[in-house]
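In my numbering, the protein residues as written are 4 to 94.
1) Quick check: the stretch 84 to 94 against the stretch 51 to 65, are there 3 or more CB pairs under 8 Å?
2) Taking C-alpha atoms, which residue in 45, 7, 50 lies nearest to residue 29?
3) What residue ranges within the stretch 42 to 89 form continuous alpha helix (DSSP H) runs of no fewer than 4 residues, ordered along the chain?
4) Residue 31 and residue 46 - do their beta-carbons sit closer together than 8 Å?
5) Who are the Cβ neighbours of residue 3 in its own chain at under 8 Å, not counting the five residues just before and after it?
6) What are the boundary residues of the beta strand (DSSP E) that residue 18 is part of?
7) Ends of the beta strand (DSSP E) at residue 8?
See below:
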């Protein structure tokens, strides 16, 4: 049997361990990326009788890709905005 333990730190209100044997690695990554799991203290993967700390791997996997500023086309953004404004003009 394999499952994940996600420890969430609520500060003064304490900590909570989320343990659900039906949650897969992909779902844990998805929940971290969506913000459902915030302030994660650690994530452990338990498989059989072994335990592995996968916190860094899952947090890295869940990180949103960074878009360098030079890849953003400001002229296209401006033209899109202008087109959107024209959509709402009275004819």
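The beta carbon of each residue, even a glycine, is placed where N, CA and C say it ideally should be.
Let me spell this out:
1) no
2) 7
3) 58 to 65
4) Taking 8 Å as the cut-off, the Cβ atoms of residue 46 and residue 31 count as close.
5) Nothing about residue 3 can be read from this structure; the chain reaches only from 4 to 94.
6) 18 to 22
7) Residue 8 -> beta strand (DSSP E) spans 5 to 12.
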